[in-house]
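Here the structure is laid out as structure tokens; the discussion comes afterwards.
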Amino acid sequence: MTAFSVALAHVPVATAAELSRADYENCQARDEAGFKAALAAISSDAIKAGVKTVDYRAVVADQWRKTGLDDVIDKRVDFAIDEVKSETSWSERLKSLANAEASQKLATAVAERVYRSDAVKVAMEDMASGVARDIGKTIELASTEASEPILACLKAFVGPRYGSAVAQAVAGDAGRDMSIDPSKGSGDVSAGAVLKQSSGGIAGATILVVRRQMATIATRVGQRIVGSVLSRLVSVAAGGIGLVLIAKDIWEFRNGVLPIIASEMKSKATKEKVQDEIATTISEQINEHVKEISVASADHVVEVWQGFKRAHALVLRLAEGNDAFRSFLDGVKPAALPRLDEVVGLLVAGEGEHSVLKRLGDGSLNDAVHLMPDQALDIARDTKSVAKGLAWAALAGAKLPNVVDFEIYRRAAPEDFSKATLDRVLALDDRTAIGRLAAVPRDARDALLGLEATELKALAKSLSETELTTLASYLNGLQPGPREQVLRAVAANPRKMQVLASARVRDAIISSADQPAAAGMMLEGTTGFSPRAFAHDAVMAWEGRINPWLVWEKHPAGIAIGGGVVLILMLWMKRLFRRRPPAAPAPTA
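One gets my numbering by counting positions in the sequence shown from 1 and adding 419 to each.
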């Protein structure tokens, strides 16, 4: 069993911890500052309780073994002894046997060369990083232990203000961030590394703080323990010289206390003291930063709540001021809150804030939030009208997706259709034809829908919305014979509709006594001015069979020529019958 397993053995499994009465009252603070303080206190208590169970010494010993620090230190001690031996004289080394100050100087030189060497510092950092990872997992478990009371605190703060549904929704958002799997707790905690774990959740924020400190320890641990280790080593060397020398051969005097220093620095007892120092340092660092971790946890929960408030500001304001709306909000599932936000926003923007409560009363708010299909919400969003979304849903039923796909709702209002006429239009199954028919007025559309589907589709694809509207007015005003005549002509040549498009032409044809003759005259193609056709049409107008206005529309050139001839005749007649002025009298002599 590893030291980390031993360290975790006493950490309690996350259970549904309950808030004390005092904590609950603190969570019901009047403002967010008090709420945040209550959260930090709950988190701090849980983390402190968790880290108290950690056996730091066991974790350090386990990582010491894994990183092979024993071998690294032993090799660096041998190297340092050789360096110091080469830099000191025989007399200086011999002097150290009898002089405590000289022996301390040699011990200090060796210790500094060992513990400040790059090899030992790197090994120490690796060891500290491993310890950080193991302790970080313990902190994660402690954070998870705090999740239940933290969420309960969140509900205690939000629930009385906005209802249980909002409290559950906010707690759900925060709870997702507090879900931790300690077996996957991994992070790169070497100096300057970025934590390879989501920092968005509460536990992520907590571990980010702890592991940042662990990384700092990893780079500084060698320097921070040198003083303590030196004092211990020098004390052992100076105090043990006399006893050890009794067993030494005389020839070893030439190396002074260096062999003793080497033996002490490689000893198990000295290395255990180094491990004790590291464990103490890490324990102190974690205890010093529990408050920082707790504040980070509280900050994140408050951020979740503030983000929720921003996202649902209008709904929360209505719930805070109206009991009926708050009761309705209590019945809304968290997944439906975004839709409620959007529906309420559309209602307030389009109909005013009073409309929310009005629709709450008549049940249409519930329909819009819980029953209205997604396509109807798309319509409401596009038209800025919840009423239109509901109306189209009621009218189209299962064919609502087709209404959205063909964008009928953008060209017409739902009251412009009956279910039968909407079905007829959708049955054309042609985007151009459906779009143009949807854009014409209801009366015109109803008239056009009397045509056969194939004929209607061809006309709708060929004519513009304006021309279709005009054609519908012909269908309503003409007798069956001329109506068929117009339809056949336009179907064969849609450009004919340009001749009939004028409202004056339409009214003149419909008002003519002989509608077939009037329609035929206007539909007859001409390549230019024909005196024969002009004379024929003028005779029909003289006889009262057609509206005279049609002659002007059909033969503007003939009217102009005829008008000119008449004007010339009138001028000639005027000149012919004009009375001559009397002659002036002859002058007298």
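Each residue gets a CB set at the ideal place from its N, CA and C atoms; glycine is no exception.
N-terminal and C-terminal residue of the alpha helix (DSSP H) that residue i is part of
{"i": "E711", "result": "K687 to A730"}
{"i": "E502", "result": "L488 to E506"}
{"i": "F454", "result": "E451 to K471"}
{"i": "P445", "result": "Here residue 445 is Asn; the residue named in the question, Pro, does not match the sequence. Its alpha helix (DSSP H) spans residues R440 to C446."}
{"i": "L756", "result": "L756 to E770"}
{"i": "Q794", "result": "D793 to T802"}
{"i": "S746", "result": "D742 to D749"}
{"i": "L845", "result": "K838 to A846"}
{"i": "G854", "result": "R850 to A858"}
{"i": "A812", "result": "V805 to A815"}
Spatial neighbours of residue i in its chain, beta-carbon cut-off 8 Å, leaving aside the 5 residues before and after
{"i": "P792", "result": "A812 and L819"}
{"i": "A588", "result": "F727, P753 and L756"}
{"i": "G591", "result": "P753"}
{"i": "L733", "result": "D760, V763, G764 and V767"}
Coarse secondary structure for residue i, derived from DSSP in three states
{"i": "F825", "result": "coil"}
{"i": "E391", "result": "No answer is possible for residue 391: the residues shown for the chain start at 420 and end at 1008."}
{"i": "R914", "result": "coil"}
{"i": "E962", "result": "coil"}
{"i": "N785", "result": "helix"}
{"i": "S883", "result": "coil"}
{"i": "P579", "result": "helix"}
{"i": "E903", "result": "helix"}
{"i": "R830", "result": "coil"}
{"i": "A735", "result": "The sequence as given places Leu at residue 735; Ala does not occur at that position. Helix at L735."}
{"i": "L870", "result": "coil"}
{"i": "K876", "result": "helix"}
{"i": "R484", "result": "helix"}
{"i": "D865", "result": "helix"}
{"i": "K752", "result": "coil"}
{"i": "A932", "result": "coil"}
{"i": "D474", "result": "coil"}
{"i": "S921", "result": "coil"}
{"i": "L894", "result": "helix"}
{"i": "P967", "result": "coil"}
{"i": "R535", "result": "coil"}
Presumed contact (8 Å Cβ cut-off) between residue i and residue j, rounded CB distance
{"i": "A815", "j": "G808", "result": "Going by Cβ atoms, the distance from A815 to G808 rounds to 11 Å, so no, they are not a contact pair."}
{"i": "F825", "j": "R850", "result": "6 Å"}
{"i": "L887", "j": "R843", "result": "With 8 Å as the limit, L887 and R843 do not qualify as a contact, their Cβ atoms being about 14 Å apart."}
{"i": "E451", "j": "V721", "result": "6 Å"}
{"i": "R552", "j": "E739", "result": "Incorrect: roughly 46 Å between the Cβ atoms, too far for contact."}
{"i": "K690", "j": "I466", "result": "Not quite, the Cβ-Cβ distance comes to about 31 Å (not below 8 Å), so this is no contact."}
{"i": "I705", "j": "V550", "result": "Actually they are not in contact, since the Cβ atoms of I705 and V550 sit about 10 Å apart, beyond 8 Å."}
{"i": "I461", "j": "A565", "result": "6 Å"}
Close beta carbons around residue i, own chain, < 7 Å, minus the five adjacent residues each side
{"i": "P901", "result": "Q934, P935 and A938"}
{"i": "V751", "result": "A584, L759 and V788"}
{"i": "D490", "result": "none"}
{"i": "R495", "result": "V533, S536, A538 and V539"}
{"i": "V822", "result": "W811, A815 and Y828"}
{"i": "L488", "result": "A542 and M546"}
{"i": "H731", "result": "L756 and D760"}
The ligand MG heavy atom lying under 7 Å from the CB of residue i
{"i": "P833", "result": "This structure lacks the ligand MG; in fact it carries no ligand of any kind."}
Own chain partners of residue i with C-beta closer than 6 Å, once the 5 adjacent residues on each side are dropped
{"i": "C446", "result": "A457, C572, A575 and F576"}
{"i": "V775", "result": "V763 and L766"}
{"i": "E772", "result": "none"}
{"i": "L790", "result": "none"}
{"i": "Y443", "result": "A575"}
{"i": "A586", "result": "K574, V577 and G578"}
{"i": "K455", "result": "A717 and V721"}
{"i": "S439", "result": "none"}
Residue i versus the options, residue with shortest Cα-Cα distance
{"i": "S837", "options": "H731, R864 and D848", "result": "R864"}
{"i": "I679", "options": "L488, A530 and R552", "result": "A530"}
{"i": "I554", "options": "F498, D481, D537 and A542", "result": "D481"}
{"i": "K777", "options": "S804, I712 and F744", "result": "F744"}
{"i": "A441", "options": "P568, T888 and T507", "result": "P568"}
{"i": "I500", "options": "E871, A681 and D835", "result": "A681"}
{"i": "P913", "options": "T889, V823, L897 and I827", "result": "T889"}
{"i": "D464", "options": "A542, V714, E511 and Q917", "result": "V714"}
{"i": "A528", "options": "D786, V503, H708 and L784", "result": "V503"}
{"i": "N785", "options": "L735, A810, S804 and L748", "result": "L748"}
{"i": "S930", "options": "R907, W961 and Q898", "result": "Q898"}
{"i": "N741", "options": "G780, E770 and G769", "result": "G780"}
Beta carbon proximity, residue i to chain D, threshold 8 Å
{"i": "K504", "result": "The chain labelled as chain D is not found in the depicted structure, where only one protein chain is given."}
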